[in-house]
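Asker:
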Amino acid sequence: MFVDVKAETEEKMYCMKFSMAANSSFKATLDYYDKCLEPGLLLPFVDESKWNIGVRAFLYLLALLYCFLGVAIIADIFMCSIEKITSKTRKIILSTSNELEPEVIEVKVWNDTVANLTLMALGSSAPEILLSIIEIVGNNFESGALGPGTIVGSAAFNLLVICGVCIIAIPAGETRRIRSFSVFSVTAFFCVFAYIWLLIILLGISPHEVEVWEAVVTFLFFPILVGISYAADKGLLNVNILGKPSKQMEVDCVQGTATKEEYFPKGQLNRETLVKFIKEVRKHPAMSAEDAACLAAARLVEESEHTRMWYRIGAIRDLSGSKKPKPSLSKKLKKVYSLLGQEGDQIDSKPGVPEEQKDVPVLDFKAATAAVMENAGKVTVKVKRHGKTSGTARCRVETIDGTAVAGEDYVPLKEIITFQDGELEKEIHVEIVDDNQWEPDETFFLKLCILSEDIGQVMLGRVCIMEITILNDDEPGVLQFKRRGLLVQESIGTAHIPVVRTNGVDGIVTAKWRTIDRTAVSGKDYIGGEGEITFEHGESEKNIEIPIVDDFNAEKDEHFEVELFDPVGGATIGQVNRSTVTITNDDDFNSIVNRVAVMTNVNVDNVRLQSETWGEQFKAALTVNGGDIENATTVDYVLHFLTFGWKSIFALVPPTGLCGGWLTFFVSLLLIGVLTAIVSDLATIFGCLVHLDDAVTAITFVALGTSLPDLFASMAAAKQEKYADSAIGNVTGSNSVNVFLGLGMPWLIASIYWASKDQVFRVEAGTLGFSVAIYSALAIACLSLIVARRYLTVLGKAELGGPRNAALGCAIAMISMWFLYVILSALEAYHHIRF
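Letter by letter, the sequence shown follows residues 1 to 835 of the UniProt record's numbering.
Below, the structure is given as structure tokens:
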């Protein structure tokens, strides 16, 4: 029998090679798994060699996400200490002609630009900076991939994703421009230069090495950046980098220079605007001084200019079910607050909403209340139009449940009504359900709303919510005054005296009214006379309007009477046929204003960011929504439960009331360092378990975990602030500080350490160099697009907002750049791309 020895030998060799390859692959897998068991700086705490890899990876992922929450919460406390430090003021006495009463103003000790680039940038970037420092120290002063990768990955996310999202976060038709564009120009330049400088020292001057002088220069760029930005802020530079005048050219002052009001700390009450606000609030029924104070506090907090730090703290507290930095309003007050905004009765204009105009259509209900019998089938109410009567005007009308329930007692309504050119009145019909069962009188409401696209073109009048009562009575009713007496201030303008129709609302009824002089005289103290009040079928309450004369003279309280007589249509006059109107001087009103001002300050103080005592701190930490249980939502309870452990631990941090916030600053910074060390170990081991390179873990999981609060903060700032500085203006500065501190400081420490041993500090460019190069190119493209948006009309001539399609296109382009950055960096890390 013939045997092919050669073929048999080749087969045996092939089997041996296959076996060796399989063993090699198996050995490599075991080696890789053994590497995942190597101890980090703090982890693992127990022997995990016998754990299932999948279970272990899942647990590490959960722990990583939970630690991100912990970092965010302690960063909240850290930033509160910074807010306390940077809000410190000093008094300045201004020289005046009246030497007996010199004018005193308070000025912030910290310049806003310096604060943003130093302590505030450190507050938002502390986790990334500490991660880089801890990684080098824990790695025996050798460079790692996690710290630098997180810094570059976080920079890419901040610039590309946050800016892109903020562009489309603005409501349609609104825009936000960067006010301090000279400062933005400086930080934008350094935002790119910082990373180009990394390429120079990693690949140019001393490839794959960082010498001591290079680390020193990198670190010194930080004070240079702060100094140049401060000079630009003060107008000491003739031109900015983009060739435009730098001296406050973006401040919207008519004079072109800073006004005295700009030097006052934000968030203080202005008496004139508070008086106006209180007058408008008190036009709404059943508004007490306490309600007015709560509404004033909410408006004051909303309209004040806030730092990006404030919005970041708010974003973190939303994610943890903690104390909110805004006053909470009940449902009733929220409704009044929204109506004040729609009527244009604002302390200051909301960003992007035009000022109140006198030549616009004003729409409201003809009566404040109406009533209808249950068997009537429907109720008809009228909407009137005044102000500008030419052109078309429209609004949305919708029903809101009261004690009456939609579907059971009435048919819900939600429709848009349109007034044609010259049309002054429209009728609305709401169907009433007759269920043939006895039940007490029930009410529901009709509400008028302005369509978003018509804001500024149409306004709502005083009666934009109407109450409708379903009755079982078909009598014409009894007419009488709602109150026997009414107290008004001399400065009110017009007194509204309510007349009610009770015991029936069937048919059209009228009654005459006349004023009767007492101590107040018609023509001198008020404009009186006679008139007629008419109730349409179903209407149950209307007002008699009497103009009040404000003569600005100090005088005693005066009064007059209004009388109802001669009813027509079957109605009768009730017992309260006279109402006394007392006109008070403004001294009483001033006492109300003072009381509201005090309560408003108390409400604002209750939502301040800092805690002055341990008691306040523990109460805020251990209770949902910081103790405001009444306004806590289900989501707040869930988030509070998830973060309760972290908040309990961090409540032990000294409150900001001690040592001016500096003790809180250092203790919380230490805790951030400890948590960051744990995050470093968790991220490294998790990446190892799921076969992710450290560089890829850094630019994805870790960078996202540390940057998401910044995303939410910037979105809130973009929507609420009048300018884009707090939303995206601080992103460029933060990205520069990340390099100068986050890499300059640890590289300086490591380079000095290795120089003391007569060796060099090696930093392999590899994935880091490629990632920096890609980011630099995309950063230039992104910043060019932002500048183009500022100057091109087709893009809105503003950094944020503008034409919807253009904004959407820019946002998609920027976010796509970030995905491109992540994909290319990952391909290089796994050697699919050679750099």
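Backbone N, C-alpha and C fix where the C-beta goes; we use that ideal spot for every residue, glycine too.
Can you pull the DSSP bridge partners for residue 198?
Answerer: Paired residue(s): none; residue 198 is not in a bridge.
Asker: Excluding five sequence neighbours on each side, which residues of the same chain lie with their C-beta closer than 7 Å to the C-beta of residue 822?
Answerer: Taken in chain order, the residues that qualify are 699, 700.
Asker: To which residues of the same chain is residue 25 closer than 7 Å at the C-beta, ignoring the five residues directly before and after it?
Answerer: Reliability of the predicted coordinates at residue 25 is poor, the pLDDT of 44 falling under 50, and no value is obtained from them.
Asker: May I ask you to report which of helix, strand or coil DSSP gives residue 50?
Answerer: In the structure shown, residue 50 sits in coil (DSSP, three-state: anything other than H, G, I, E or B).
Asker: Can the beta-carbon of residue 492 be found less than 8 Å from the beta-carbon of residue 513?
Answerer: Not a contact, by the Cβ cut-off of 8 Å.
Asker: What separation, rounded to the nearest whole angstrom, lies between the Cα atoms of residue 574 and residue 511?
Answerer: Rounded to whole angstroms, residue 574 to residue 511 spans 12 Å at the Cα level.
Asker: Residue 420 by DSSP, collapsed to three states: which one?
Answerer: Note: residue 420 maps to coil in three-state DSSP.
Asker: Could you tell me if residue 797 is buried or exposed, where buried requires 16 or more neighbouring beta carbons within 10 angstroms of its beta carbon?
Answerer: Classification of residue 797: exposed, given that the 10 Å Cβ count is below 16.
Asker: Which partner residues of residue 582 appear in the DSSP bridge assignment?
Answerer: DSSP, once it has assigned bridges, lists 487, 559 as partnering residue 582.
Asker: I need the DSSP call for residue 790, collapsed to helix, strand or coil.
Answerer: Three-state DSSP puts residue 790 in a helix.
Asker: Would you please state the rounded distance, in angstroms, between the beta carbons of residue 233 and residue 111? I believe it to be under 8 Å.
Answerer: Contact holds; Cβ gap of about 7 Å.
Asker: Classify residue 734 as buried or exposed, calling it buried when 16 or more other Cβ atoms lie within 10 Å of its own Cβ.
Answerer: Under this definition residue 734 is a buried residue.
Asker: Among 79, 614, 143, which has the Cα closest to the Cα of residue 767?
Answerer: For residue 767, the nearest C-alpha among the options comes from 143.
Asker: List the DSSP bridge partners of residue 379.
Answerer: DSSP output for residue 379 lists 430 as bridge partner(s).
Asker: Nearest to residue 545 by alpha carbon, out of 656, 498, 522, 503?
Answerer: Comparing Cα positions, the closest option is 498.
Asker: If residue 426 and residue 388 are in contact, beta carbons under 8 Å, what's the gap, nearest whole angstrom?
Answerer: At roughly 16 Å, the Cβ-Cβ gap does not stay under 8 Å, so residue 426 and residue 388 are not in contact.
Asker: Pull up the distance between the alpha-carbon of residue 629 and that of residue 623, whole angstroms please.
Answerer: So the alpha carbons of these two residues sit roughly 8 Å apart.
Asker: Write down the C-beta distance between residue 739 and residue 195 rounded to the nearest angstrom, noting that I regard them as a contact closer than 8 Å.
Answerer: Residue 739 to residue 195, Cβ: 7 Å. Contact.
Asker: Using a 10 Å radius around the Cβ and a threshold of 16 neighbouring Cβ atoms, would you call residue 480 buried or exposed?
Answerer: Result: buried.
Asker: From this set, 795, 832, 788, 685, which residue's C-alpha is nearest residue 59's C-alpha?
Answerer: Considering only alpha carbons, the answer is 685.
Asker: Strictly by DSSP, which residues pair up with residue 666?
Answerer: Its beta-bridge partners do not exist; DSSP assigns none.
Asker: Within 10 angstroms of the Cβ of residue 709, are there 16 or more other Cβ atoms? Answer buried if so, exposed if not.
Answerer: Classification of residue 709: buried, given that the 10 Å Cβ count is 16 or more.
Asker: In angstroms, rounded to a whole number, what distance separates the CA positions of residue 441 and residue 656?
Answerer: For residue 441 and residue 656, the distance between alpha carbons rounds to 55 Å.
Asker: Do residue 362 and residue 461 have their CB atoms nearer than 8 Å?
Answerer: Yes, they are a contact pair.
Asker: Using DSSP's beta-bridge definition, name the partner residues of residue 362.
Answerer: Beta-bridge pairing links residue 362 to 386, 459.
Asker: Taking the continuous beta strand (DSSP E) assigned at residue 395, which residues delimit it?
Answerer: Run containing residue 395: 393–401, per the beta strand (DSSP E) assignment.
Asker: Please confirm if the segment 38–56 is in contact with the segment 671–688, defined as three or more CB-CB distances below 8 Å between the two stretches.
Answerer: Yes, the segment 38–56 touches the segment 671–688.
Asker: In the DSSP assignment, the alpha helix (DSSP H) including residue 540 goes from what residue to what residue?
Answerer: Per DSSP, residue 540 belongs to no alpha helix (DSSP H); it is in the beta strand (DSSP E), 539–547.
Asker: Below 7 Å CB to CB, which residues in the same chain sit around residue 829 once its five sequence neighbours on both sides are set aside?
Answerer: Once the five neighbours on either side are set aside, the close Cβ partners of residue 829 are 693, 695, 696, 767.
Asker: For the beta strand (DSSP E) that contains residue 372, what are its first and last residues?
Answerer: Where residue 372 is concerned, the enclosing beta strand (DSSP E) stretches over 369–373.
Asker: How should residue 680 be labelled, buried or exposed, when 16 other C-beta atoms within 10 angstroms of its C-beta is the threshold for buried?
Answerer: Buried, because 16 or more other Cβ atoms sit within 10 Å of the Cβ of residue 680.
Asker: For the segment 758–774 against the segment 206–215, are there 3 or more C-beta pairs whose distance is under 8 Å?
Answerer: The answer is yes - the segment 206–215 touches the segment 758–774, with three or more Cβ pairs under 8 Å.
Asker: Secondary structure at residue 449, three-state DSSP: helix, strand or coil?
Answerer: Strand.
Asker: Taking residue 466 as the reference, give the member of 168, 816, 805, 539 with the closest Cα.
Answerer: Of the listed residues, the one whose Cα sits closest to residue 466 is 539.
Asker: Below 8 Å on the Cβ atoms is my guess for residue 73 versus residue 650; work out the distance and round it to an integer in Å.
Answerer: Confirmed, Cβ separation roughly 6 Å.
Asker: List in chain order: all unbroken alpha helix (DSSP H) runs of 4+ residues lying wholly within the segment 708–760.
Answerer: The qualifying runs are 730–742, 744–756.
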